[in-house]
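Residue numbers in the sequence shown follow our numbering, run continuously in steps of one, and reach 555 at the last position. To start, the structure under review is shown below, and the notes come after it.
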Amino acid sequence: MASTNRTDLPAKVVMRDNHESFNQRMDFALRDGKVYGRLQSEKQWRHIATPSCLDGQITAISANDAMLAAVDANGWVYTLNNLLSSPKDWGWFRAWGTPFWFGHGLQLENQTNGEWALSLIDNQTDRTYRGVDGHDHPISLAMCTEIMMASPDGTHLYQHDPWLANDYSFEASTPYNSQFRIHTMSASGSVAFITNSHGDMFTRLWDYDIAGTDPAQFRYTWKDQGNLPDAGTWAQGKINPNYAAIKLPPAPWQHQPKVPGEITDRLTILSTAPGSQNRELRVEGRRGGHTGYWTKMLNDESWKFIVTDQTLKGKPLDNPQQDTSAVDLAPASGVNYSGHLPGGVRLDVRDFAYQTTSRTVDLTIQGKKYPVTLHSIDGRLDSTISMLAHRERGLSSTPRYYDAAIEVPQKYLSDPTFASFARTYLHGERVHELYLAATDSQLKIINNSHPGISLRTGRDVSTMKRVPNS
86 MASTNRTDLP AKVVMRDNHE SFNQRMDFAL RDGKVYGRLQ SEKQWRHIAT
136 PSCLDGQITA ISANDAMLAA VDANGWVYTL NNLLSSPKDW GWFRAWGTPF
186 WFGHGLQLEN QTNGEWALSL IDNQTDRTYR GVDGHDHPIS LAMCTEIMMA
236 SPDGTHLYQH DPWLANDYSF EASTPYNSQF RIHTMSASGS VAFITNSHGD
286 MFTRLWDYDI AGTDPAQFRY TWKDQGNLPD AGTWAQGKIN PNYAAIKLPP
336 APWQHQPKVP GEITDRLTIL STAPGSQNRE LRVEGRRGGH TGYWTKMLND
386 ESWKFIVTDQ TLKGKPLDNP QQDTSAVDLA PASGVNYSGH LPGGVRLDVR
436 DFAYQTTSRT VDLTIQGKKY PVTLHSIDGR LDSTISMLAH RERGLSSTPR
486 YYDAAIEVPQ KYLSDPTFAS FARTYLHGER VHELYLAATD SQLKIINNSH
536 PGISLRTGRD VSTMKRVPNS
């Protein structure tokens, strides 16, 4: 890397956005379409060798762990890999997507600063996922790489995995049944950190593996696992049922406490130790006449302020101290389904958001309404191979397939009116696995008694039709 004497490069990089970034070894900065880097143990910045067709044409960057993603003016993504190794081992790649990361490349629809981020979680730096039930699961040898990107209106959080088709069909929900509007975001090691325009912040561990959508590499379960031990290796967790599987549904969005002071919309999240639970949050801001950033660990209850006296680069947020997370929500989906399950049991699903993991639905039995939870995990019904193929984004006439479960309160199982349905349809289980196939006109409930095998036709399939808003 050739040294540079540019005077507009930062003395210290403590925040990540799409113009400056860092990993555990290096700082990075984008200036005039060129990427510069330096070891954090040195002061000297250097120009990172870049193909001539790209050098000077880069409009945005994002770094995490051993990778840097760069985007050109047309939104095409290029990655610089092996950044934790010697520079002689670095290499630029344009490929992204199926088959097996050899696809023709990824083009981002939204390149706005602070609205997309590279995330990489691996078995060297992070090592384990912390599941919703507290079990730790070794990360696979394939790691999990993704670009998380908010839609321009902030209501979608697309996740672009280089092993999958580049079709905008895989999403994380946003809070409030996907009605929360993301203003800006950051990501690190599969944990997303988002805020709305009022400083209400959420975090969530979410990627293709921990979300329950990769049965080729992981075991998943809807059951409580009690005292099963954690696997010591990824292979052990995959093949040995004597170790804990990944519990479904995955953890929901975690509402973070309000920052008690002046902030901007410039967010940063970084990994601090092995384990997906070890994440530091940073929010650019000001306190007592000094600029700097507010910081806390992922699960801490309070923030502290670190002075940097650097120029603030984010846009100020009003940040009222009361909870305003439900202010300025997007409209509900308006997708409602209604129909009957066996035994004349009516099911009503209101405002179905296809990317949301859990929602409340109503079962009506003999005129009595029973609110229950319907969980859904995108993509598990079809075959593993089919997940590598293109599919439509959102709801369309082409089915979206889900592994799913109905979860009922314990007290329902002793309710005389509910008991027959629980015994026959739910097999006496409080959390009962089934499958869904959703289109823009109907929702099929596939209640198969053979886990992992989903029949799409036959007597165990109930069809809910889409109905207008009442």
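We treat Cβ as the ideally placed atom computed from N, Cα and C, and that holds for glycine. All of these numbers come straight from a predicted model, not from anything done at the bench.
Residue i and residue j: beta carbons closer than 8 Å?
| i | j | result |
| --- | --- | --- |
| THR396 | GLU369 | no |
| GLU194 | GLN440 | no |
| ALA411 | ALA250 | no |
| ARG266 | ASP463 | no |
| VAL162 | TRP186 | no |
| VAL99 | THR393 | yes |
| ASN262 | ASN421 | no |
| LEU366 | GLN341 | yes |
| SER273 | TRP291 | no |
| THR224 | TRP201 | Looking at the sequence itself, residue 224 is Ile, so the reference to Thr does not match. Cβ atoms of ILE224 and TRP201: not closer than 8 Å. |
| GLU518 | TRP307 | yes |
| SER361 | ILE206 | yes |
| ASP315 | TYR328 | yes |
| THR488 | TYR520 | It is worth fixing the name first, because residue 488 is Asp in this sequence and not Thr. Yes, the pair counts as a contact, with Cβ atoms nearer than the cut-off. |
| THR230 | LEU242 | no |
| ASN108 | ALA145 | no |
Mapping the DSSP letters down to three states, classify residue i as helix, strand or coil.
| i | result |
| --- | --- |
| LYS496 | helix |
| TYR293 | coil |
| ASN262 | helix |
| TRP186 | coil |
| PRO501 | helix |
| GLY428 | helix |
| PRO401 | strand |
| PHE303 | coil |
| GLY216 | coil |
| GLN244 | strand |
| TRP201 | strand |
| TRP177 | strand |
| ARG508 | helix |
| TRP319 | helix |
| PRO172 | helix |
| ILE133 | coil |
| ILE331 | strand |
| ILE324 | helix |
| TRP338 | coil |
| ILE450 | strand |
By DSSP's criteria, residue i is part of a beta bridge. Which residues make up the other side?
| i | result |
| --- | --- |
| ILE279 | MET270, PHE287 |
| THR445 | THR458 |
| LEU519 | ALA489 |
| ASN251 | Paired residue(s): none; ASN251 is not in a bridge. |
| ARG123 | ASP112 |
| ARG372 | HIS375 |
| THR380 | ARG367, LYS389 |
| ASN554 | Looking at the DSSP assignment, ASN554 forms no beta bridge with any residue, so it has no partner. |
| PHE107 | ASP112 |
Taking the C-alpha atoms as reference points, what is the distance between residue i and residue j?
| i | j | result |
| --- | --- | --- |
| MET549 | ARG508 | 22 Å |
| TYR214 | ALA330 | 11 Å |
| ASN532 | GLY118 | 54 Å |
| GLY216 | ASN208 | 16 Å |
| LEU498 | GLY513 | 8 Å |
| GLU347 | SER461 | 39 Å |
| LYS332 | GLY373 | 45 Å |
| PHE437 | TRP338 | 18 Å |
| LEU191 | SER147 | 15 Å |
| THR183 | TYR486 | 20 Å |
| VAL493 | THR445 | 10 Å |
| ASP391 | LYS381 | The sequence shown places Ile at residue 391, not Asp. Cα-Cα distance, rounded: 10 Å. |
| LEU511 | ALA336 | 24 Å |
| GLN125 | LYS400 | 27 Å |
| GLY188 | THR164 | 13 Å |
| ASP218 | TRP388 | 26 Å |
| GLU105 | ARG289 | 23 Å |
| THR376 | ARG179 | 38 Å |
| ASP211 | PRO326 | 24 Å |
| SER204 | ALA277 | 9 Å |
| GLY429 | SER505 | 12 Å |
| ARG319 | THR357 | The question names Arg, yet the displayed sequence has Trp at residue 319. Cα to Cα, the separation comes out at about 22 Å. |
| ARG110 | ILE354 | 16 Å |
| THR442 | THR135 | 41 Å |
| ASN159 | SER271 | 22 Å |
| ILE530 | ASP309 | 23 Å |
| GLY452 | ASP403 | 48 Å |
| GLN406 | ALA87 | 48 Å |
Does residue i get closer than 8 Å to chain B when you measure Cβ to Cβ?
| i | result |
| --- | --- |
| GLY346 | Annotation note: the requested chain B is absent from the structure, which comprises a single protein chain. |
Any contact of the stretch 291-298 with the stretch 169-181, i.e. 3+ C-beta pairs under 8 Å? no
Meets three-Cβ-pair contact criterion under 8 Å: the stretch 104-114 and the stretch 123-136: yes
Counting pairs of Cβ atoms below 8 Å between the stretch 88-99 and the stretch 145-164, do you hit three or more? no
Does the stretch 262-276 come within contact of the stretch 221-238, defined as at least 3 CB pairs closer than 8 Å? yes
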